[in-house]
Every structure is written in C-alpha cells, then in structure tokens.
Amino acid sequence: MKLSLAVLSIAATATAFTTISTPAARTVSRSVVADEVFAPVSIRASGTQLEAAKQTPHGGSLVDLILSSDEEKAAAVAKCTKELQLSPRQLCDAELLMNGGFSPLTGFMDEATYKNVVDEVALPDGLIFGLPVVFDTNDEDLSPGDIVLLKDGDRDIATIEFTDKYLPNKAYECLKCYGTSEIEHPGALMVATERGKYYMGGKITGLNLPVRDFPCKTPAEVRETLPDDVDVVAFQCRNPVHRAHYELFTRALDDALVGEDGVVLVHPTCGPTQADDIPGVVRYKTYEVLKEETKNDRTRWEYLPYSMHMAGPREAIQHMMIRKNFGCTHFIIGRDMAGSKSSVTGEDYYGAYDAQDFAKEKGPELGVMPVPSLNLVYTDEEGYVTADEAKEKGLSEKKLSGTKFRQMLRGGEDIPEWFAFKSVVKVLRENN
1476 MKLSLAVLSI
1486 AATATAFTTI
1496 STPAARTVSR
1506 SVVADEVFAP
1516 VSIRASGTQL
1526 EAAKQTPHGG
1536 SLVDLILSSD
1546 EEKAAAVAKC
1556 TKELQLSPRQ
1566 LCDAELLMNG
1576 GFSPLTGFMD
1586 EATYKNVVDE
1596 VALPDGLIFG
1606 LPVVFDTNDE
1616 DLSPGDIVLL
1626 KDGDRDIATI
1636 EFTDKYLPNK
1646 AYECLKCYGT
1656 SEIEHPGALM
1666 VATERGKYYM
1676 GGKITGLNLP
1686 VRDFPCKTPA
1696 EVRETLPDDV
1706 DVVAFQCRNP
1716 VHRAHYELFT
1726 RALDDALVGE
1736 DGVVLVHPTC
1746 GPTQADDIPG
1756 VVRYKTYEVL
1766 KEETKNDRTR
1776 WEYLPYSMHM
1786 AGPREAIQHM
1796 MIRKNFGCTH
1806 FIIGRDMAGS
1816 KSSVTGEDYY
1826 GAYDAQDFAK
1836 EKGPELGVMP
1846 VPSLNLVYTD
1856 EEGYVTADEA
1866 KEKGLSEKKL
1876 SGTKFRQMLR
1886 GGEDIPEWFA
1896 FKSVVKVLRE
1906 NN
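So the sequence shown is numbered by our numbering: it starts at 1476 and just counts up by one.
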C-alpha cells in the first residue's frame, strides 16, 4: 500500500508522481576532455588530466576542512550557540565534506547550488556533480547565521555556519534525481520519510572524523598508498563479495581500456543503504576475511562512509566523482548499478544498462573512464566465462539466485564454492 503523497509535505501535481526510465539531464556547457586522456597511463602525454593514477581531484584540488590543532578546534567550538546530533546519513555526508571525498564542496549545498545539481547534474559553475548533498532539519528555530556544533553521540564532528534555509520541492527532486517520485523507490522513500522539512546550506569546519567499526581512510591517505604511474580501477559494492564479483573486478584489469600493471581499488560503501541490505559492519567483516584470503599486489581494499540513494545512473556519476577524489582513473560500471526495484510491484526502476550509458556519456566530462563489467556466468566445463562465450560454446551454466542463497544460508545448507567463498559464508552465518 502506498504511503500518502502528503508525506512529502509539498504541493505537487499528480503528473509529478510518475516513473520515468532514466533521469533527465541537460547538457552542461563545459570543456570536454580529449580522447587521449583515456589512453592507458603508460602512453599518455604529459599534462593530460589523468597522467597518473593520483589524478587531479574533482575541481582541481582536494578539499581538507579538518582543523589540525586542539587550539583551533576549541576556538571553533566556542563560536557555537547550539548543538545537533547527526543522523547516520548526515554523518556520512559530513565526513565526506570534511575529508574531501565531495571535493570541491566545502559545505552542505545552499538553495541555488541544490537546484542547479537537481536540474543540471552540475554545480552552478558547470562542474559535473551527480546528486545534491543537503543538510535536512525539522528545527523551526535554526536560522541562517547560526553556528552549530554537529555531534555523533559525545564526539564533536564539525561546526556548521548556516547560510540559508529553504523548503525543497521533494517530489521534483526525486523525479529528477531518481527518475521517479514514487515512494516505492527506496531513495524517494528516504527523502519523504527520513529527511526533515527544511534544507539548509552551510560551511563546514571539521573537528574530528567519526569513530567507526570499519576504518575509512581519507582521500589523501588512500592516494598515498596508490602507485603514481599506473591506472587505478575502482570497484564499488554494497553487498558481500562473492565469486562472480571477484572474477569481475580482477578481470577488469585485463580490459583494453586499462593500462599495463593497473591496480583495482575495491572500495565498498559501508554506510546506510536499503532497509533489507546486510548491515555495514557485517559487510565489513566479510571484506576483511576475503582481503586476507585473496591478497595480492594488484588488489587494494578501502572503505567508504557513504549512504546509498539507489539512484541508478545519477548515483553512478556520484560514485565516479568520489572515486576520482580518491585517486582513481577508471570505474567499473556493473549492470543495473545502484539500481532498485519497486517495493510494491518488484519491477526495476532502471534498465540494465542505463547507468553504463549515462557513465559513458558523462565520463569524458568527469575525467573518469567507465569500464563496463563483464556479464559472467559459471559453467561446469570452464568455470566463469562470459554469458556470450557460454552460449557460443554450448556450455552448461549453473545458477543460484540471491533469494535461494539466503534461504540456504539461513537453513545451514552447504553453499557451493563456485558461488561464494567459504570464509564469507562463515562470517554471514556467524552474524545472521
């Protein structure tokens, strides 16, 4: 049963609450990166945007808003007249603002910036940006000019100096960013039921990074671990890594788009996501055991404090932009990346290749090369091969649905090793 559209607390015409297959995006007037930028690192000319794995951050420089000394932090806190507890989603956004993951942003978006990103997939200066980053509240007493201490429990995270306060058109935001304003979409449901009535823009001053069960290095720290002279291919996931995922991101290094000796950065999101997803802390434990089991020099593992929107094509751009700030030159785009289904009908909100197509369109402007993922299947005769190869050779495919896997997991049945790593299954059972 649908929730009342009044939940959105805005006036909207009935036609605003319809589903469209892809998010609308207008062309942004901005210079396009030349084709040679996407050549492998080893043959790029000096001076190109992606001449090294530690590529130029989005907007030109990596933002770092975190104060370094205790004296500076105490002075910043002394200016605050109010305190607010951050929600889990706000905490992720604040961290990525503080550490430069959302470079070039230096705070939560004001109304003009918010509207431009919603409409144009870009900041007001034309720089591509996938989704709005907003501070939401129901507090009627918060006003522009207020300086507020943002906390996570007892820990001081940041201060924010609010610049404006506005009533967003949430139905329109969802329609543009998610392709639908139906609240059967998890992102639209989040906007309707989790976010406050108002959005507020504000400049962030960082005090302390959150303490998490999973360690999240800053973009600067991750960049220090990456090689200077090879391509870095990012792999985003929000679920435990099973055999097919592992084959997918290791084989991506053999793609013609990736230069010799490239490395893959497995960079899972461990923040809030869909309600029925495995909790972030459990996912982190599965990644840690797999990292040890499959250790090799060409695979790196780090963790991202990001809250998922399940926004399909628009979120693919957001992920590419963030990984650019972490030093990645390439990004693996899976089928139906960041996709979602209606909680009522079970129908997909996006086509299987919508995210890939949008990433290919925007990749040159963004300065990150999308690497389409292989459609792999497991066969009795040759193990994992592409679906086309299996069909061409008449190989016998084995299939196990996610639903069946979860049933077997709960029932204590043996999980075939071609589908899942034993170490991952063990963690999932211990934390079920």
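Positions of the beta carbon are idealized from the N, C-alpha and C atoms, including for glycine.
Check: Can the beta-carbon of A1813 be found closer than 7 Å to that of G1838?
Finding: no
Next item on the list: Starting from T1612, trace the beta strand (DSSP E) both ways and give me its first and last residue.
Entry: In this chain, the beta strand (DSSP E) harbouring T1612 covers F1610 to T1612.
Next item on the list: Thinking D1594 and T1638 are a contact (beta carbons under 8 Å), I'd like their distance in whole angstroms, please.
Entry: About 20 Å; that fails the 8 Å criterion.
Next item on the list: Just list the beta strand (DSSP E) runs in the stretch 1533-1600, keeping only unbroken ones of 3 residues or longer that don't cross its boundaries, in chain order.
Entry: 1557-1560
Margin query: With the cut-off set at 7 Å, would you say T1612 and Y1653 are in Cβ contact?
Written below: no
Notebook entry, point to check: Which class does E1659 belong to by DSSP, given the choice of helix, strand or coil?
Noted result: coil
Check: When the Cα atoms are used, what is the spatial distance from L1870 to P1685?
Finding: 50 Å
Checklist line | 7 Å Cβ cutoff met for G1575 and L1537 | finding: yes
Item checked: Paired residues, beta bridge with K1678 - DSSP -> G1582 and E1636
Margin query: My assumption, with CB atoms under 8 Å, is that S1815 sits in contact with Y1824. Please give the rounded CB distance.
Written below: 5 Å
Check: Ordered along the chain, which non-local residues of its own chain (more than five positions away) have a Cβ less than 6 Å from that of D1539?
Finding: G1575
Check: Any idea what DSSP makes of F1896, helix, strand or coil?
Finding: coil
Next item on the list: Could you say if the stretch 1690-1699 and the stretch 1563-1583 meet the contact criterion of at least three C-beta pairs nearer than 8 Å?
Entry: yes
Notebook entry, point to check: How many Å lie between L1642 and V1609 at the Cα?
Noted result: Using only the alpha carbons, I get a separation of about 12 Å.
Check: According to the neighbour-count rule (16 or more other Cβ atoms, all chains shown, within 10 Å of its Cβ), is R1904 buried or exposed?
Finding: exposed
Next item on the list: To the nearest angstrom, report how far apart A1830 and E1722 are at their CA atoms.
Entry: 21 Å
Notebook entry, point to check: Would DSSP call M1796 helix, strand or coil?
Noted result: helix
Next item on the list: Measure from the alpha carbon of V1757 to the alpha carbon of each residue in G1535, E1657 and V1899, then state which is nearest.
Entry: Of G1535, E1657 and V1899, the residue nearest in Cα terms is V1899.
Checklist line | Residues near E1763 by beta carbon distance below 6 Å, same chain, minus five either side | finding: No residues qualify anywhere along the chain.
Next item on the list: Determine the DSSP secondary structure at P1908, reduced to helix, strand or coil.
Entry: Absent from the model: residue 1908. The displayed extent of the chain is 1476 to 1907, so no value can be given.
Notebook entry, point to check: Skipping 5 residues on each side, what residues in its chain have a beta carbon closer than 7 Å to that of A1791?
Noted result: I1808, M1812, A1813, A1830, F1833 and A1834
Check: Where do the ends of the beta strand (DSSP E) carrying F1710 lie?
Finding: Run containing F1710: V1707 to F1710, per the beta strand (DSSP E) assignment.
Checklist line | Exposed unless 16 or more other CB atoms sit within 10 angstroms - verdict on A1486 | finding: Since pLDDT at A1486 reaches only 34, below the 50 mark, its modelled position is unreliable, and no value is offered.
Check: Does the count of Cβ pairs from the stretch 1544-1559 and the stretch 1701-1713 closer than 8 Å reach three?
Finding: no
Note to self: Between which two residues does the alpha helix (DSSP H) holding Y1853 run?
What the structure shows: Not the alpha helix (DSSP H): Y1853 falls in the beta strand (DSSP E), residues L1851 to T1854.
Next item on the list: Count the other CB atoms, across all protein chains shown, that sit within 10 Å of the CB of D1688; report buried if there are 16 or more and exposed otherwise.
Entry: Burial call: exposed.
Next item on the list: Assign A1553 to one of two classes, buried (16 or more other C-beta atoms within 10 Å of its C-beta) or exposed (fewer than that).
Entry: exposed
Notebook entry, point to check: So is R1775 buried or exposed if we call it buried at 16+ other beta carbons inside 10 Å?
Noted result: buried
Item checked: Rounded separation between H1533 and S1618 - CA only -> 31 Å
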